[in-house]
Each structure stands twice: as structure tokens, then as C-alpha cells.
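Heads up: the protein sequence lines correspond to chains A and B, in order. Just so we're aligned, residue 1 is where the first sequence starts under my numbering, counting upward by one. Just so we're aligned, residue 498 is where the second sequence starts under my numbering, counting upward by one. The beta carbon of each residue, even a glycine, is placed where N, CA and C say it ideally should be. What follows is a short report on a single structure.
2 protein chains.
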Amino acid sequence: MFEDAELGHSVDKDTYEARVPALRSELLNVQFTLKDTRAFPVVLLVGGVEGGGRGETVNTLTSWLDPRHVEVNGMGDPSDEELERPRMWRFWRALPPKGKIGIFFGSWYTLPILQASLVKGAGRWDKLDRRIEEIVRFERMLAEEGALVLKFWFHLSKNAQRKRIKELKKDPHTRWRVSGVDEDYFKKYDRFREVSARTIRHTSTALAPWLVVEGVDRRYRELFVAEELLRAVKTRLESPKVARPTPARPSDAPEVDGRRTLLTELDLTKKLAKPKYEKDLEKWQGHLALLTRHKRFREHSVVCVFEGNDAAGKGGNIRRVTGAVDARVVRVVPIAAPTDEEKAHPYLWRFWRQLPRRGNITIFDRSWYGRVLVERVEGFCSPYDWERAYGEINDFEEEMVNHGIVVAKFWLAISKAEQLRRFKEREQVSFKTFKITEEDWRNRKKWDAYSDAVCDMVARTSTTKAPWTMVEANDKYYARVKVLKTLCERLEKVLDD
Amino acid sequence: MFEDAELGHSVDKDTYEARVPALRSELLNVQFTLKDTRAFPVVLLVGGVEGGGRGETVNTLTSWLDPRHVEVNGMGDPSDEELERPRMWRFWRALPPKGKIGIFFGSWYTLPILQASLVKGAGRWDKLDRRIEEIVRFERMLAEEGALVLKFWFHLSKNAQRKRIKELKKDPHTRWRVSGVDEDYFKKYDRFREVSARTIRHTSTALAPWLVVEGVDRRYRELFVAEELLRAVKTRLESPKVARPTPARPSDAPEVDGRRTLLTELDLTKKLAKPKYEKDLEKWQGHLALLTRHKRFREHSVVCVFEGNDAAGKGGNIRRVTGAVDARVVRVVPIAAPTDEEKAHPYLWRFWRQLPRRGNITIFDRSWYGRVLVERVEGFCSPYDWERAYGEINDFEEEMVNHGIVVAKFWLAISKAEQLRRFKEREQVSFKTFKITEEDWRNRKKWDAYSDAVCDMVARTSTTKAPWTMVEANDKYYARVKVLKTLCERLEKVLDD
């Protein structure tokens, strides 16, 4: 892994000075094409050993590029804001949009490598390998969403590192950079090296490769990084767009026993009389209010997802939840077509940015499931893309749950006849007409395709930790009580744990 | 996951009989197109709960297809032959070639799911999840190599299973099928269900999906499986070939400090005088002979890989190894262009089939590294394909090492000048002319491209458990002793462990 980066690579002054002017203008050129075409984002990670010249190289690189379109993220210790969100939140929020270069100085690799380096024995591999698999999936997602992912690892041999740090310590201008690096640090070098080699090996992929740079010689490492960046961006700009692979099976369900599905088997006649509803509503809203004031609630947060047929009553259900909770801790996020900024990022980005702090509730009125519902049915993305979304969504929700977030997902189901009745009512009642559009009628024509998509969605993403609740919603009273009751039970279970 | 498969799906007799004749002829039709075009292999896995009707469905399906082009693999307990090879060997040997349908009744899922079902507590997930990741990578490789992978899971609810097994037990003709299924088995049902749900979720991908079939009704499950198979094969036959994604970085090395590489830094002047060589050769050959007679050697086996520049002396080196070992336990496998049969399988197939039994040594004269050497340089596969090969090869070798195989890989390096000298000698000495061809001269012209490929290969696939040994081979004596010595040391370490 590190053999090449211990050969003592260097570049002499003349070669360096002869190359730099042309290199800089070529870099600026591709940077401008990238910016103008907004073709893709560049995610550039910088990692490596202490004293390997990461910071200086990043500084040189940014001075050669137009700084307005480069974002350098010095990912040091996480802030309070960040600690209250799942681990990957801080990296998601820093992802560059299409057309920009995002440099991550420190990344999702830093902590796993450091932690594994501190542990002795074979046990450390288990945790590290798990993180490695998560990272591989995450970076694959970035790449499939179009990002150009390049990862530079600055390496020094043990002796080179010792020498370099001695030099840095001698010079009063650079001494601060290596404070805390002592003999103990070198002792850990071997373990750090072993852990990084394994990590780099398992996370080097065609779509997100590691490039190991020898960090001894300033001119060499600068040219190396700049040339690789230049070549990679240039090549990608010139590459034709590649079609998506075809999934192994067609996406519509085969007609075997006449469309008996999870949805057709729901008992939509379930209902609640008004007096009982009013009693139950009060009971469960009160219960929810108490739960959100529970002292352990401050260690958790809640993410609710409301999906359902058009006119199934998402809004009404959401209001019954928010009505029970202190307005300062609850936020409703309605999901419509993505903004320009959101379109310039992977599709999950706009949901990541909305994740609540601890002690808070975020309610998504429609959600990331749009990827496997409307985007699938309308053909806004390829079958391969929404197929991979199931796994990506499971990963996303697992991150939330592992962070202590309660993830409650509701599918509000009404019958086709009930939908027609509500559509017509909306057209006739003046204060409801804003709720019905041409699009609703168009969607209704695709009822079966949507039903297929919903069944697949539930089958693929209803997990023990983040289950779907199917809500029979022909009767609004019944639905609202079921939602509140389910939410209370989910929350209670976590707070009692 | 199993919600849909507990709805009580069934197909009535009339519907079934109306559909089957057409279905059978459609199935035969696509099967013949598949066979004639040899477009791809179909890998069809069958798993699920006891009594779910797996066997009967497979029997019906094969009776509907032309049995000459279907291979049913009842993967029961592994044979002695199989136990002496790495875990996946038995599945590799059973993989269908292009144009055929291979049905795996029991598969690489069986053992991991059973084992995890037997263990209680959270610890069981660690091992299962690791296997899951390996399986995902394996199936991705199959799919990227062109296989159509379909996986059917036959499900029964706990009650349905109990009922079904009671029925089977009553009938003397079917009683044998459920011997050993007792109350204890049902107790384990819940854990089995939880484990399979997790496994299915994490291994359902666009390129290798799981299809969950409700196993209660014979007609339903037969139609379900046959229709899905039909649709999937048909769709794939009609799909256009998709171009490979472009890797994030171009594959040639950037010119930063004038091609200083692992190879250029080798000290090719190293040599051994003849008397010293003869002494050393005897010593290490004797040592190797003893090691292969060590009683613990029977628990291990050895896989040697010889790669190197043309005329670097692979043959001579190999003869020095085989000369030291009992001819009954060593086999040399020369790798030339693949046969038709080999071309009909994933590229690693022809190496898997050659893995030695315990107590044996297999020497590969050229190897799977052809994928990242000649295939890369000559453009026989796309950059994306050889890029993914690094990971696939690491997985392959890890499987060997985990099974107790010593994997020793030698790169024999000579200088360009020394190669020229040897080529000329081969042309002049009559009994050596067979060793030199036009191709050797053609390869020589691509010296730099091959050097890049070799450096990347070593950087990406030299692991702690399966390291590369770079052998300075300008002097044949020096090279031979280094190879023998290295091999002895690797073997010694394992036998002493």
C-alpha cells in the first residue's frame, strides 16, 4: 500500500517552476468549465499521517484555484450542533453542490481510523470493518449521484515522520502545528499504519479511489495532487454520460393472483364514532404531550414521515400531532419539488439538513420516499437509481436510529372510491379548492403503478428499528387516533429502555 | 419484508390451467434464445422456510423447461472434497455457464442464516453482517460479470408452517421430507424469521434481488416463480448492453517526478556466485522438502503465483520449487488464453477450480493477475472492470487465507536491457526458440504501460496475509534462492503458529 510512497519521491526546483504556471492555468480552465456547466461536484478528501504536508498542500492548491468555487472544510472536532445529529450529518451539510470543489481536510475516515488505532487485539477490526462497509456504501452513493470523489492520503515512513516533526518543532513558526506529537505518538505509528492500510485497501474503488502521496517533498506532493485533480476533472468533463445498468427484474409486479397486495388487504371500513374519537384524541394527545416533556426525551429526537394517497388526510393528521406538542420543539417540513440548491446535491441531502436537534420533533409531509414513489412511477429516475434507493434509505434511517432518533413512518391509505369522493368535495367546497389540482387527477390515473410502488416500499424499508405503520384512513377519526397511539407507543418504548 | 407473503395468496385451478400451457411455451422460447445466444448465465437461488414448497416448485419448473440446459444443484452438506477447499469453492464449481440456467437449492445463504439463527444475543449480528457484506460483494461481481441473479425466498407464516408440516407428516409419501422437524423447530421460527428478514433486506439489490414467495398454495408459488423467471430473462435478453462507468481517475500514472516507481527502485544488480548458489539452493530445497512433510502441513495447502516480465525466468523458478517437493502433492497450472468453457464463466472461475486440496501445492504460472496486467494494458476489459478486480482479487485471496491456504505471490523483475539480451539469446539458441514469439516483442513495446500496471497491482493487492514478493531477477541464481527462501519462511510461519 505504502511502498511507492516510501521511495523518496522529489521534484527539483527547475522542473517545478517550469510546470507550475501552465498547471495553474489549466486548473483554472477546468475549474471554470466545471462551474459553468455545473456538471458535477468534486469531493476531495485529504487524510494521512501527522506532518505529511496536508495543510500546506491544500493551501497551495486553493491559492492556485479560484477560491470562490472551492470550499475548504476543516473537519475538526464536531460542534454541539453537530453532536446532536447523527455522525454523518456534519459531512452531509458540507457537501459541495454541482460545479464546486469541496475539500475535506479530515473526513469520515478520521475517527474510525483513530479509534481503531487506539485499540489493541483482533477485536478492533470488527468495528473498523463495519465502518468501512458503511463508508463504501456512502461513497458509492455519492458517485452514483454524480460526484467525482478523489481521496488523497499523505504518507510518511516512520523515519521520515520523525525527521519532519523534529524540523517543525525547531522552527518557532511551525512549532504550533505539531504540539502534542511526542514519543508516544511514534509508538502508535505502526498500529496507525496497519489500520490505515487496511482502510485504504478496502475503500479504494474505481468510483472513489485513494491516491497515496509521499509527503516528504513539498514540490512533489503539490504537483502530484494538482496533476491528479486536473486529470480527473478534465477526464470526467470529457466523458460521455453512461446509461444505468438494467435491474435483474422488471419493476412492475407480475399478475399471478390478481393484485392481492398489502394494500388491497387493508380493512378500510375501520372507523371510530365521533364521541369515542374525541375521547381517544384527548387521551393520546395528552399522553404525547407528557412524553415529550419526559426528562429522557432530551436525549432523543423524533422524525415522523407522512406519506399516503392524495387526499388521504396527511395535513389533518399532522395537525393532530403538532397540536399536542410544544410548538418550540416541533417543525413540519413540507416536501415539494426540490429547489435549485437541492437539485445540485444528492437526493438525500435536503432531508439530512432538516434533521432535528435532540429533544426536537421533525415531521416530514412527504419525504425521501418520493424517490421510490413519484420518481419511480413518473420515470424521473432510472429503475437502477430507485432500486438502489431502498438500501440507501435503510442506511439513512439506521444512522438516525443508532443516534437515538425515533423514526416513525405512516402510510395513510384510502380506497379509490373514497379518494374520488374527497376530490369532488374539494372541487365543490370553496375553501378546499386550493387542495386539488390537475396533478391529483393525473396521479389518480396511475393508481395501480403507485400501489405497486407502495407495496415494494413497505416490503423493502419496513425494518425492526424503523417500521412502517399502515393506517386505514377512509375514516379520518380512526386514522388520527391510530397515528397518535402508534407514535406514543414508539416513543414510550424508547424512553423506557 | 414478509408482510405480502402472509396474505394468503392463492390461484384457483381454472386460472392456473388456463395460464400454464402458454407459460410453458414462452419459457421454452426464452430458454432457447438464451441457449443459442449464450447471452448470459442465469443463477437462480431457492431458499426459505421448511415446508415452503421449494423442492416441489423447482421440480415443476424444471419439468417445464428443457432439462438439458438447466442444472439443479442440491447444495446439501459439503463433501470431503469440498471441505478441503474454501467455503465458496463448491458454489463456484456449480456456477452455470453462459446460456444455461443454474438452480441452487440451498446456497451461500443457507449456512450463515442457520448459524445466526442458533445464536442468541446481539453478538450474532456481527458475524452475520460480515457474511452479508461478503455475499453482497460476491453477487455484485457475478452481476458485473454478466450473470442474471434471481433469488426466491419461500415464506410461510408460523401458523401456515405448522399446518403444512402436519399435513406432510400425515402422508406416508411425504413424511420423509420433514423428518427432524419438531416442536423445537417451531420455537426457533421467530429467530429464523428475524435473521432471514435482515439478510434478505441487506442482500436485495437491483442486480441480485430477492423475491419473497408465499409458499402456502402450490399453484400460486409455481406461477409466481415461473412468471418472474420468464419476465426477467426476457427483459434481459431485450436490454441493450450498457457501457461501463468511467473510473474517477485516469489509469495511467501522472508524470510528476519522472517515473520513479517500485520497479525502477529495485536493485537489479543483486547476484549470487555459482558455488554459493548451489549451496543455498540445496539448503532451501531441502528445507522446503521437510516443511511439506511436516505433520501440520496436512492441515494447510499452498498457492503460489508467479508473475513477471517476459523472459524473467518464471519456468526456471517454478522448476526449482517443484524439484524440492513430492510430485504427488504439487501441480503446476500454466495460464494461457481462456478456453471456451472458461470464457463462459466469471474470470475468476478458472482459478477457483484449480485450488488445491489440503496438503497440496498449486503453482500458477501466470494467474488471475492477468486481469489487471495484460487485460488492462491491452484493453481486453474496461477500466471499470479491472479497477473492480483489485477488490475481487483481495476477496478471493482472503477466502483462501482464511481457509488456511498459504498464498505466496512473486513478481520476477528484470531490466529492459536484460530482457533484450534474453530475447536475442532465445532467438539464437535452437532449443530456446520456442520460448520467443512475436507477442513477446509486441509486449516489450508496452514496457511502461506494463510497469504502471505492475506498480498499481502491488500497491492494491499486497496484503499482510497475502503479500507480494518482488524478486530481483536479472541474476537467475539470486532470484531462485530468494523465491525458495521466501516460500520456506512463509510456510514455516504458518506451521509454527
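Exercise for the section: Could I get the ranges of all uninterrupted alpha helix (DSSP H) runs contained in the segment 597 to 664 of chain B, with 4 residues as the minimum, in chain order? Expected result: Within the segment 597 to 664 of chain B, the complete alpha helix (DSSP H) segments at least 4 residues long are 607 to 615, 620 to 641, listed from N- to C-terminus.
Exercise for the section: Note down, in chain order, every chain B residue with its Cβ under 7 angstroms from the Cβ of A/Cys488. Expected result: Position 488 of the first sequence, counting from 1, holds the residue named residue 488 of chain A. Those do not exist, as A/Cys488 stays about 23 angstroms from chain B at its closest Cβ, beyond 7 angstroms.
Practice task
Note down, in chain order, every chain B residue with its Cβ under 8 angstroms from the Cβ of A/Ser239.
Solution key: Taking the first sequence and counting its residues from 1, the one referred to as residue 239 of chain A is at position 239. Near A/Ser239 (Cβ distances below 8 angstroms), the residues of chain B are Thr743.
Handout entry: Whole alpha helix (DSSP H) elements within the segment 838 to 912 of chain B, 4-residue minimum
Key = The qualifying runs are 846 to 849, 871 to 874, 880 to 899.
Handout entry: Near the ligand PLP: A/Glu375 beta-carbon under 8 angstroms from a heavy atom
Key = Looking for the ligand PLP in the displayed structure turns up nothing, as the structure carries no ligands at all.
Practice task
Report yes if the C-beta distance between B/Ile598 and B/Val539 is below 9 angstroms; otherwise report no.
Solution key: Locating residue 598 of chain B in the second sequence gives position 101, where the first residue counts as 1. Locating residue 539 of chain B in the second sequence gives position 42, where the first residue counts as 1. Going by C-beta atoms, B/Ile598 is nearer than 9 angstroms to B/Val539.
Exercise for the section: List the whole-angstrom C-beta distance separating B/Phe649 from B/Leu708, where the pair is believed to meet the contact cut-off of C-beta under 8 angstroms. Expected result: By 1-based counting over the second sequence, the position of residue 649 of chain B is 152. By 1-based counting over the second sequence, the position of residue 708 of chain B is 211. Indeed, because the Cβ distance is near 5 angstroms, the residues count as touching under 8 angstroms.
Problem - For B/Glu804 and B/Arg863, believed in contact at Cβ under 8 angstroms, the rounded distance - result: Within the second sequence, numbered from 1, the residue matching residue 863 of chain B stands at position 366. Within the second sequence, numbered from 1, the residue matching residue 804 of chain B stands at position 307. B/Arg863 to B/Glu804, Cβ: 6 angstroms. Contact.
Exercise for the section: For A/Glu307, decide whether its Cβ has a neighbour in chain B, counting only Cβ atoms nearer than 9 angstroms. Expected result: Counting from one through the first sequence, the residue named residue 307 of chain A turns up at place 307. It does not; no Cβ of chain B falls within 9 angstroms.
Problem - is_contact[B/Ser912, chain A] using C-beta, thresh 9 angstroms - result: Stepping through the second sequence from its first residue, residue 912 of chain B is reached at position 415. Closer than 9 angstroms: no.
Practice task
Express the C-alpha separation of A/Arg371 and B/Pro751 in angstroms, rounding to a whole number.
Solution key: On the second sequence, residue 751 of chain B is found 254 positions in, with the first residue counted as 1. On the first sequence, residue 371 of chain A is found 371 positions in, with the first residue counted as 1. Cα-Cα distance, rounded: 40 angstroms.
Practice task
Pull up the distance between the alpha-carbon of A/Phe104 and that of B/Val730, whole angstroms please.
Solution key: As a working note, residue 104 of chain A is residue 104 in the first sequence. As a working note, residue 730 of chain B is residue 233 in the second sequence. Each residue's Cα considered, the two are about 44 angstroms apart.
Exercise for the section: Just tell me which of A/Lys409, A/Ala122, A/Ser196 has its CA closest to the CA of A/Arg490. Expected result: Position 490 of the first sequence, counted from the start, is the residue given in the question as residue 490 of chain A. Selected option, being the one with the closest Cα: A/Lys409.
Handout entry: Within 8 angstroms of chain A by C-beta, residues of the segment 931 to 959 of chain B in sequence order
Key = Within the segment 931 to 959 of chain B, the qualifying residues are Cys952, Val955, Ala956, Arg957, Ser959.
Exercise for the section: Report yes or no: is there a C-beta of chain B within less than 9 angstroms of the C-beta of A/Glu375? Expected result: As a first step, residue 375 of chain A must be located in the first sequence, where it is residue number 375. Interface residue (Cβ-Cβ distance to chain B less than 9 angstroms): A/Glu375 is not classified as such.
Handout entry: Near-chain B residues of the segment 391 to 420 of chain A - C-beta to any C-beta below 9 angstroms
Key = When CB distances to chain B are screened at a threshold of 9 angstroms, the residues of the segment 391 to 420 of chain A falling below it are Gly391, Asn394, in chain order.
Handout entry: Endpoints, alpha helix (DSSP H) assigned at B/Pro831
Key = Here residue 831 of chain B is taken as the residue at index 334 of the second sequence, counted from 1. For B/Pro831, there is no enclosing alpha helix (DSSP H); the residue is found in the beta strand (DSSP E) stretching over 827 to 831.
Handout entry: B/Phe920: contacting residues in chain A (beta-carbon distance under 7 angstroms)
Key = Sequence index remark: in the second sequence, residue 920 of chain B carries index 423 (1-based). Ordered by position in chain A, no residue passes the 7 angstroms Cβ test against B/Phe920, which lies about 28 angstroms from the chain.
Practice task
Tell me whether the beta-carbon of A/Cys455 lies closer than 9 angstroms to the beta-carbon of A/Leu262.
Solution key: Taking the first sequence and counting its residues from 1, the one referred to as residue 455 of chain A is at position 455. Taking the first sequence and counting its residues from 1, the one referred to as residue 262 of chain A is at position 262. Between A/Cys455 and A/Leu262, the CB-CB gap stays under 9 angstroms.
Handout entry: Three-state class that DSSP yields for B/Phe803 in the structure shown
Key = Taking the first residue of the second sequence as position 1, residue 803 of chain B is located at position 306. Here B/Phe803 carries a strand assignment [DSSP, helix/strand/coil].
Exercise for the section: Mark B/Pro737 as exposed unless 16 or more other C-beta atoms lie within 10 angstroms of its C-beta, in which case mark it buried. Expected result: Locating residue 737 of chain B in the second sequence gives position 240, where the first residue counts as 1. By the neighbour-count criterion, in which 16 or more other beta carbons inside 10 Å mark a residue as buried, B/Pro737 falls on the exposed side.
Problem - Local conformation of B/Ala705 per DSSP, three classes - result: Working through the second sequence from its first residue, we reach residue 705 of chain B at position 208. Strand at B/Ala705.
Exercise for the section: Check whether the Cβ of A/Tyr220 lies closer than 9 angstroms to any Cβ atom in chain B. Expected result: Within the first sequence, the letter at position 220 stands for residue 220 of chain A. The beta carbon of A/Tyr220 sits closer than 9 angstroms to some beta carbon of chain B.
Practice task
Look at the alpha carbon of A/Glu387 and the alpha carbon of A/Arg460, and state the distance between them as a whole number of angstroms.
Solution key: Along the first sequence, read from residue 1 onward, the residue named residue 387 of chain A stands at position 387. Along the first sequence, read from residue 1 onward, the residue named residue 460 of chain A stands at position 460. So the two alpha carbons sit approximately 10 angstroms from each other.
Exercise for the section: Run down chain A in chain order and give the residues with a C-beta less than 7 angstroms from the C-beta of B/Arg885. Expected result: Here residue 885 of chain B refers to the residue found at position 388 when the second sequence is read from its first residue. What B/Arg885 touches in chain A: Ala206.
Problem - Cβ separation of B/Thr607 and B/Gly548, assumed to be a contact under 8 angstroms, to the nearest whole Å - result: As a working note, residue 607 of chain B is residue 110 in the second sequence. As a working note, residue 548 of chain B is residue 51 in the second sequence. With 8 angstroms as the limit, B/Thr607 and B/Gly548 do not qualify as a contact, their Cβ atoms being about 16 angstroms apart.
Practice task
Below 6 angstroms CB to CB, which residues in the same chain sit around B/Met638 once its five sequence neighbours on both sides are set aside?
Solution key: Taking the first residue of the second sequence as 1, we reach residue 638 of chain B at position 141. Excluding sequence neighbours, B/Met638 sits near Glu889.
Exercise for the section: Could you tell me how far apart the beta carbons of A/Ile414 and A/Ala273 are, in whole angstroms, since I believe they sit closer than 8 angstroms? Expected result: Taking the first residue of the first sequence as position 1, residue 414 of chain A is located at position 414. Taking the first residue of the first sequence as position 1, residue 273 of chain A is located at position 273. About 19 angstroms; that fails the 8 angstroms criterion.
Handout entry: Supposed close pair A/Trp352, A/Trp108 - CB separation, criterion 8 angstroms
Key = By 1-based counting over the first sequence, the position of residue 352 of chain A is 352. By 1-based counting over the first sequence, the position of residue 108 of chain A is 108. That belief does not hold up - the Cβ atoms of A/Trp352 and A/Trp108 are roughly 13 angstroms apart, past 8 angstroms.
Exercise for the section: Report the rounded CA-to-CA distance for A/His300 versus A/Ala289, giving the unit in angstroms. Expected result: For the purposes of this step, residue 300 of chain A is taken as residue 300 along the first sequence, with counting starting at 1. For the purposes of this step, residue 289 of chain A is taken as residue 289 along the first sequence, with counting starting at 1. Approximately 15 angstroms, taken between the alpha carbons.
Problem - Limits of the unbroken alpha helix (DSSP H) element including A/Thr60 - result: Here residue 60 of chain A refers to the residue found at position 60 when the first sequence is read from its first residue. Per DSSP, the continuous alpha helix (DSSP H) segment holding A/Thr60 begins and ends at 54 to 64.
Practice task
Pair every Cβ in the segment 197 to 214 of chain A with every Cβ in the segment 740 to 755 of chain B, then say whether three or more of these pairs are closer than 8 angstroms.
Solution key: Yes, the segment 197 to 214 of chain A is in contact with the segment 740 to 755 of chain B.
Practice task
Classify B/Leu541 as helix, strand or coil using the three-state DSSP reduction.
Solution key: Here residue 541 of chain B refers to the residue found at position 44 of the second sequence. Of the three classes helix, strand and coil, the one that applies to B/Leu541 here is strand, per DSSP.
Problem - Bridge partners - A/Met470, DSSP secondary structure assignment - result: Position 470 of the first sequence, counted from the first residue, corresponds to residue 470 of chain A. Looking at the DSSP assignment, A/Met470 forms a beta bridge with A/Trp411.
Problem - Environment of B/Lys684 [buried if 16+ CB atoms lie within 10 Å] - result: Translated into the one-based positions of the second sequence, residue 684 of chain B becomes position 187. Answer is exposed; the Cβ neighbour count stays below 16.
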